[in-house]
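First comes the structure, then the notes that go with it.
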Amino acid sequence: MRVVSLVPSWTEFLHDLDVDVVGQTKFCVRPASKFRALPRIGGTKNVKVEDVLALKPDLVVANREENDKAQVEALMEGLPEGVLLTDVRTVPDAWAAMAQVGSRVDRAVDARDMVNRIQDAWGEPRAIVGQAGYAVWSSPWMVAGHDTFIHDVMRHWGIANAIDGGPESRYPTTGKDLERGTLAARQWLLPSEPFPFQPKHLPALHAAHPEARFRLVDGEAFSWYGSRMLHVTAHLNEVAQWVAETA
16 MRVVSLVPSW TEFLHDLDVD VVGQTKFCVR PASKFRALPR IGGTKNVKVE
66 DVLALKPDLV VANREENDKA QVEALMEGLP EGVLLTDVRT VPDAWAAMAQ
116 VGSRVDRAVD ARDMVNRIQD AWGEPRAIVG QAGYAVWSSP WMVAGHDTFI
166 HDVMRHWGIA NAIDGGPESR YPTTGKDLER GTLAARQWLL PSEPFPFQPK
216 HLPALHAAHP EARFRLVDGE AFSWYGSRML HVTAHLNEVA QWVAETA
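Just so we're aligned, residue 16 is where the sequence shown starts under this note's numbering, counting upward by one.
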């Protein structure tokens with residue numbers, strides 16, 4: 016089966032299931048050995064529809080949040096039975112979607128085995144140890160609200176999300192630069208993606224908000240579903256401990 020993946024986390028999952036991935040986005044960086052070896056069909060939000068169709072895939076794996084609706088619909092027109100649109104907003108959603116993807120690519124047993132291993136590694140949701148905000152962008156300052164996969168990963172590991180975006184916005188923004196905006200939480204997690212927060216960003220934040228605490232975190236640990244969930248438990252546990260200790 017020829018598969019094109021429009022989602023970085025699904026790309027890694029498909030490769031781990033030994034599926035014949037024939038195309039992926041420029042953000043599909045895992046596994047590293049496949050990053051430059053396969054055709055790239057644009058970004059997650061600007062998929063080159065004609066390039067995808069030219070690869071003659073049997074299946075295109077997409078995601079409701081990560082991909083552009085119009086582009087996905089265009090692919091559905093070209094491949095009426097060949098687009099799988101996933102929708103992952105919670106940890107259990109991720110497990111169900113992994114089983115769904117595995118079934119569509121004839122790897123149901125392997126996918127279920129991986130889900131079982133992840134469930135064993137993640138265990139039951141932890142008791143809340145503290146709260147934090149989770150930034151996803153800078154200039155403007157944008158954060159992860161409720162009804163997001165990031166929010167549910169935080170909750171699973173005992174971190175309450177200090178931000179409530181309300182029903183209108185899952186990713187609310189202050190409309191100001193992070194150095195000048197009024198922070199709604201005392202503790203902040205600054206991920207490596209989608210905005211690549213780095214140590215160089217910390218001095219300005221500390222100067223503007225001396226009362227706050229900031230922690231650089233692995234964005235993949237909080238926002239990637241699929242097989243990446245097997246590799247991030249130690250990091251998530253460390254972050255939860257930091258939240259508890261600095262509360």
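Where is the CB? At the ideal position from N, CA and C, for every residue including glycine.
Start and end residues, alpha helix (DSSP H) containing residue i
i	result
N252	T248 to T261
R132	A123 to W137
W239	No alpha helix (DSSP H) contains W239, which DSSP labels as neither H nor E.
D233	Unbroken run through D233: none, as it is neither H nor E.
I165	F164 to H171
D179	No alpha helix (DSSP H) holds D179; DSSP gives it neither H nor E.
Three-state class that DSSP yields for residue i in the structure shown
i	result
T101	strand
M113	helix
W203	strand
S153	coil
G93	helix
V120	coil
V87	helix
A227	coil
A159	coil
T188	strand
A52	coil
A147	strand
Contact set for residue i: own chain, Cβ-Cβ below 6 Å, skip 5 residues either direction
i	result
R45	E27
M91	V98
V247	A236
A5	The question about residue 5 has no answer, for the chain in this structure spans 16 to 262.
Q39	S20, T26 and L53
T163	R185
D167	T105 and V106
Extent of the continuous beta strand (DSSP E) run through residue i
i	result
L74	L74 to N78
P209	Where P209 is concerned, there is no enclosing beta strand (DSSP E), given that its DSSP letter is neither H nor E.
D33	Note, D33: premise wrong, no beta strand (DSSP E); not H, not E.
S20	R17 to S20
A175	I174 to N176
Cβ distance (whole Å) where residue i is taken to contact residue j below 8 Å
i	j	result
G173	E208	Wrong, their Cβ atoms sit about 23 Å apart, outside the cutoff.
V254	V232	6 Å
M16	D35	6 Å
Q86	V106	The Cβ separation is near 27 Å, so there is no contact.
Contact set for residue i: own chain, Cβ-Cβ below 8 Å, skip 5 residues either direction
i	result
D102	N78, R79, E80, D108 and A112
K41	R55, G57 and G58
Neighbourhood of residue i by C-beta, 7 Å cutoff - its chain only, sequence neighbours within 5 removed
i	result
L217	F229
Cutoff 8 Å: residue i Cβ touching any chain B Cβ
i	result
C43	Among the chains in the structure shown there is no chain B, since it carries only a single protein chain.
Exercise for review: Mind the definition here: the stretch 143 to 159 touches the stretch 116 to 126 only if three or more C-beta pairs lie below 8 Å; say whether that holds.
Suggested key: The stretch 143 to 159 is not in contact with the stretch 116 to 126.
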